[in-house]
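Inspection log for the structure reproduced underneath, given as structure tokens.
Residue numbers (our numbering): 7 to 347.
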């Protein structure tokens, strides 16, 4: 069974409903067609509007998308299919519009760095990793050359680069950025700050992918400890780390421990979100595959049957789920049910 890092699999569909007047103002400012927009006051307003709209678009992704890496048992692309092309097109449109304005306007260093970082996050979230890498690198350069390395945005940029490189399988590069983010968080916020849990989670996932299972187990345990000490056990970050811990346990054959961690993750996610949420469904899919590996076929089948109703038969993700379900029926000897699926 192959497992892959999938940090962008819990994405919400992005809606870029920018104000029509803002679009005209930005285009005019970039092309120099409206002299009234050339005043510092109007440029400042246009800049503020652009950054606010980018921030709004960024915020419409799940808040954990750019903070927490997630391990999944299934590498068939489950929950990463629906409208991915549409997300990429919309993100690219907004980034291109902003870039035109960015290249023709005098911005403060903080604004330039923030624009590049948020453009990178939008590109990353929509699956355009090449563009994301360029934007993150540009943001990092601006922060460093402008002596803004103590800015929180610099920390986010370093963390984002770690996630990006891990997502694209460049684990050696990812490790440098991920450990760098840990050092910066620890220096700024202290070792027990909740934000440390995200960096430790990402490092634990990275160590897992590098085959350093003992180190990964300790790192994920440290992340869980921080969450518990900050009374955040009822949060999605806690569920995500538990899920990752379960995947680690499953990899080394500690199936019972994996089941305990994964069921707790599902309980937390179920209380936080509706039962059609991608987080909740992903954890359920992981549990079904765990049961499949443990030989608990009826339990796995029950999960798949429940997911049918939650996904809906017109959802492209439903196809991936059916593929897993068919594999289960082959193991169960129910060949008559395999071909229809």
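C-beta atoms are modelled at their ideal positions from N, C-alpha and C, and glycine is treated no differently.
None of the values given here were measured: they were computed from a predicted structure.
By Cβ distance, which residues of its chain are closer than 7 Å to residue 336, with the 5 residues on each side in sequence left out?
344
Under a three-way DSSP split, which group does residue 344 fall into?
Correct three-state label for residue 344: coil.
Please determine if the segment 269–277 and the segment 296–305 are in contact, where contact requires at least 3 C-beta pairs separated by less than 8 Å.
In short, these stretches do not touch, since the Cβ pair count stays below three.
Could you check which residue in 234, 241, 133, 206 has the C-alpha nearest to that of residue 224?
206
Which runs of the beta strand (DSSP E), 3 residues or longer, sit entirely within the segment 220–302?
none
Spatial distance of residue 160 from residue 203 (CA atoms):
18 Å
Do residue 327 and residue 310 come within 8 Å of each other at the CB atom, strictly closer than that value?
yes
How close, in whole Å, do the beta carbons of residue 168 and residue 183 come, if the pair is a contact with beta carbons under 8 Å?
Indeed they touch by this definition, with Cβ atoms about 4 Å apart.
Distance CB(residue 242)-CB(residue 79) smaller than 8 Å
Note that the C-beta distance between residue 242 and residue 79 is not below 8 Å.
Cβ-Cβ separation, residue 264 to residue 255 (assumed contact under 8 Å), whole Å:
4 Å
What's the gap between the Cα of residue 231 and the Cα of residue 318?
37 Å
What's the C-alpha gap between residue 165 and residue 306?
36 Å
So residue 187 packs on residue 210, CB below 8 Å; how close in whole Å?
About 13 Å separates the two Cβ atoms, so there is no contact after all.
Tell me where the alpha helix (DSSP H) around residue 173 begins and ends.
Segment 158–173, the alpha helix (DSSP H) holding residue 173.
Which term fits residue 315, buried or exposed, when burial requires 16 or more other beta carbons within 10 angstroms of its beta carbon?
exposed
Span separating the alpha-carbon of residue 366 from that of residue 321
This structure leaves residue 366 out entirely; the chain is present only between 7 and 347.
Return the CA-CA distance between residue 261 and residue 214, expressed in angstroms with no decimal places.
16 Å
Return helix, strand or coil for residue 77, following the three-state DSSP convention.
strand
Looking only at its chain, what residues have a beta carbon closer than 8 Å to the beta carbon of residue 275, apart from the 5 residues adjacent to it on each side?
Here the set comprises 242, 245, 283, 285, 286, 289.
In its own chain, which residues sit with a C-beta less than 6 Å from the C-beta of residue 194, not counting the 5 before and 5 after it?
none
Using the beta-carbon count (16 or more within 10 Å), is residue 217 buried or exposed?
exposed
So, is residue 342 buried or exposed, given that buried needs 16 or more other C-beta atoms within 10 angstroms?
exposed
From residue 73 to residue 136, what distance separates their C-alpha atoms?
As the crow flies, the alpha-carbon of residue 73 is around 19 Å from that of residue 136.
For residue 152, which residues of its own chain have a beta-carbon under 6 Å away from its beta-carbon, when the five flanking residues on both sides are left out?
115
Using 8 Å for Cβ pairs, my map puts residue 163 next to residue 123. What's the rounded Cβ distance?
5 Å
Quick one: is residue 250 buried, meaning 16 or more other Cβ sit within 10 Å of its Cβ, or exposed?
buried
If you draw a straight line from the C-alpha of residue 293 to the C-alpha of residue 304, how long is it?
Answer to the nearest angstrom: the Cα atoms are 12 Å apart.
Between the Cα of residue 222 and those of 308, 347, 258, spot the shortest distance and give me the residue it belongs to.
258
Inspect the beta-carbon positions of residue 143 and residue 130 and report whether they are closer than 8 Å.
no
Find out if the Cβ-Cβ distance for the pair residue 277, residue 308 is shorter than 8 Å.
no
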